[in-house]
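Peer 1:
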Amino acid sequence: MDTLKIGNVSLTWLSGGITNLDGGAMFGVVPKALWSRKYPANDKNQIELPTDPILIQLDGKNILIESGLGNGKLTEKQLRNFGVTKESELDASLESLGLDTEKIDYVLMTHLHFDHSCGLTKLVNGEYVSVFPNAKIITSQIEWDEMRNPNIRSKSTYWKENWEAIETQVELFEETWSLGPIRMVHTGGHSNGHSIIIIEDGGEMAIHMADILATHAHQNVLWVMAYDDYPMDSIAAKGKWQPYAIEKNAWFTFYHDAVYRAVKWGEDGQIIESIMRSK
């Protein structure tokens with residue numbers, strides 16, 4: 001498994017599934033001639049996008065960033081449309097670390113789109129139940145409100161199957177939430193309730209910008225997804241947080257990147273250090 005240390009905080013990438021989505025949608029108005037140099041597409045114009053949760057361990061706590069794609073929840077049509085080539089292997093990932101889903105203390109949800117939240121619930125005897133029964137599930141108030149009452153655009157990605165079984169576990173915040181060296185900050189952009197996660201410990205820093213910086217190829221502040229509900233907010237958030245993190249020599253971590261788990265960028269925009277995604 002791929003790992004990263006930030007001070008005394010350990011990060012481990014788990015196996016949460018793989019999707020392949022349309023490259024044009026993932027890069028919005030950016031011409032394919034430009035984005036395909038940085039992130040190649042297949043013959044269907046799809047790009048590979050893992051959905052791999054990050055396990056954070058500190059002070060005896062087990063904390064997940066995102067929940068993965070889940071297993072056995074998507075229909076054949078959905079599997080085909082979302083280009084799913086692998087569903088979640090979260091149980092096996094945790095078992096290899098001597099853990100199971102009951103030992104997860106927190107799940108930090110940057111937002112609740114299906115490819116991030118399907119792993120929160122599972123079917124047992126025909127009913128959906130919580131995958132992480134002992135965890136507090138953290139997300140922004142705005143995101144939770146839209147999850148339960150999606151609009152005409154967002155109803156395709158906010159599903160009751162992913163929230164009804166876990167609503168008693170959810171803890172909400174307005175602008176920020178923190179636990180020791182971990183901080184969640186509401187940004188909006190990709191969704192109205194989208195948040196980022198910052199970890200600072202021992203003079204080191206990691207920033208998880210989630211879907212406003214879905215892959216290393218989205219580094220350009222103007223390269224935002226067609227999936228973004230509020231693209232100007234995404235641009236503003238990237239323009240604020242990327243320079244801030246680069247100045248602090250921070251690691252940028254990814255949930256969706258098929259090439260890198262994490263990178264550091266220099267002031268010139270070049271990658272100066274990286275952790276490659278092992279296959």
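Heads up, the sequence shown is in UniProt numbering, so the first residue is 1 and it goes up one at a time. Backbone N, C-alpha and C fix where the C-beta goes; we use that ideal spot for every residue, glycine too.
1. Tyr-255 by DSSP, collapsed to three states: which one?
2. Three-state secondary structure (DSSP) at Phe-20?
3. Could you work out which residue in Glu-89, Asp-43, Leu-108, Gln-242 is closest to His-194 when comparing CA atoms only?
4. Out of curiosity, what's the CA-to-CA distance linking Leu-49 and Ile-18?
5. So, using beta-carbon positions, are Val-131 and Thr-110 closer together than 8 Å?
6. Under 8 Å: do the stretch 65-73 and the stretch 23-30 share three or more Cβ pairs, one atom per stretch?
7. If you check the beta carbons only, do residue 329 and Met-276 fall under 8 Å apart?
8. Straight-line CA distance for Leu-11 to Thr-3?
9. Ser-117 and Ser-67: beta carbons closer than 8 Å?
10. In the DSSP output, what is Lys-240 paired with across the bridge?
11. Locate the alpha helix (DSSP H) running through Ile-142, then write down its first and last residues.
12. On a CA-only basis, which of Asp-211, Leu-90, Trp-223, Glu-204 is nearest Asn-249? Give me that one, please.
13. By DSSP, does Asn-62 sit in helix, in strand, or in coil?
14. If I'm right that Asp-229 touches His-190 with Cβ under 8 Å, what's the distance once you round it to whole angstroms?
15. Need the endpoints of the alpha helix (DSSP H) that Leu-90 sits in, please.
16. Between Ile-246 and the rest of its own chain, which residues show a CB-CB distance below 7 Å, the 5 nearest in sequence each way excluded?
17. Whole angstroms are fine: how far does the CA of Ser-15 sit from the CA of Asn-162?
18. Apart from the five residues on each side of it in sequence, which residues of its chain come closer than 7 Å, Cβ to Cβ, to Ile-166?
19. Closer than 6 Å by C-beta to Glu-171: which residues in its own chain qualify, once you throw out the five before and the five after it? Chain order, please.
20. How long is the line joining the alpha carbons of residue 281 and Gly-28, rounded to whole angstroms?
21. Give me whichever residues DSSP pairs with Thr-176 in a beta bridge.
22. Report all residues from its chain with a CB closer than 7 Å to the CB of Met-147; omit the five preceding and five following residues, and keep chain order.
Peer 2: Reading it off the structure:
1. The sequence position of residue 255 within the sequence shown is 255, counting from 1. Of the three classes helix, strand and coil, the one that applies to Tyr-255 here is coil, per DSSP.
2. On the sequence shown, position 20 is the one that residue 20 refers to. According to the sequence as given, residue 20 is Asn; it is not Phe. Looking at Asn-20 - three-state DSSP - the assignment turns out to be strand.
3. For this step, residue 194 is matched to residue 194 along the sequence shown. Nearest C-alpha to His-194: Leu-108.
4. Indexing the sequence shown from 1 puts residue 49 at position 49. Indexing the sequence shown from 1 puts residue 18 at position 18. Looking at the two C-alpha atoms, the distance is approximately 6 Å.
5. For the purposes of this step, residue 131 is taken as the residue at position 131 of the sequence shown. For the purposes of this step, residue 110 is taken as the residue at position 110 of the sequence shown. Taking 8 Å as the Cβ cut-off, Val-131 and Thr-110 do not qualify as a contacting pair.
6. no
7. The first residue shown for the chain is 1 and the last is 279, placing residue 329 beyond what the model contains.
8. Stepping through the sequence shown from its first residue, residue 11 is reached at position 11. Stepping through the sequence shown from its first residue, residue 3 is reached at position 3. Their Cα atoms are separated by approximately 5 Å.
9. Your numbering for residue 117 matches position 117 in the sequence shown. Your numbering for residue 67 matches position 67 in the sequence shown. Yes.
10. Mapped onto the sequence shown, residue 240 falls at position 240. Lys-240 pairs with nothing; no bridge assigned.
11. Translated into positions along the sequence shown, residue 142 becomes position 142. Where Ile-142 is concerned, the enclosing alpha helix (DSSP H) starts and stops at 141-148.
12. To locate residue 249, count along the sequence shown from 1; it is residue 249. Per the Cα distances, Glu-204.
13. As a first step, residue 62 is located in the sequence shown; it is residue number 62 there, counting from the start. Residue state, collapsed to three classes: strand.
14. As a first step, residue 229 is located in the sequence shown; it is residue number 229 there, counting from the start. As a first step, residue 190 is located in the sequence shown; it is residue number 190 there, counting from the start. At roughly 7 Å, the Cβ-Cβ gap stays under 8 Å, so Asp-229 and His-190 are in contact.
15. The residue given as residue 90 occupies position 90 in the sequence shown. That run of the alpha helix (DSSP H) goes 90-96.
16. For the purposes of this step, residue 246 is identified with residue 246 of the sequence shown, where counting begins at 1. Trp-265, Glu-267.
17. Position 162 of the sequence shown, counted from the start, is the residue given in the question as residue 162. Position 15 of the sequence shown, counted from the start, is the residue given in the question as residue 15. For Asn-162 and Ser-15, the distance between alpha carbons rounds to 19 Å.
18. Position 166 of the sequence shown, counted from the start, is the residue given in the question as residue 166. Same-chain partners within the cutoff: Leu-120, Thr-121, Ser-130, Ile-137.
19. In the sequence shown, residue 171 corresponds to position 171, counting from 1. The answer, listed in chain order, is Lys-136, Ile-138.
20. Here the chain has residues from 1 to 279 only, and residue 281 is not among them.
21. Mapped onto the sequence shown, residue 176 falls at position 176. Under DSSP, Thr-176 forms a beta bridge with Val-185.
22. Walking along the sequence shown from the start, residue 147 turns up at place 147. Answer for Met-147: Leu-112, Tyr-158, Trp-163, listed in chain order.
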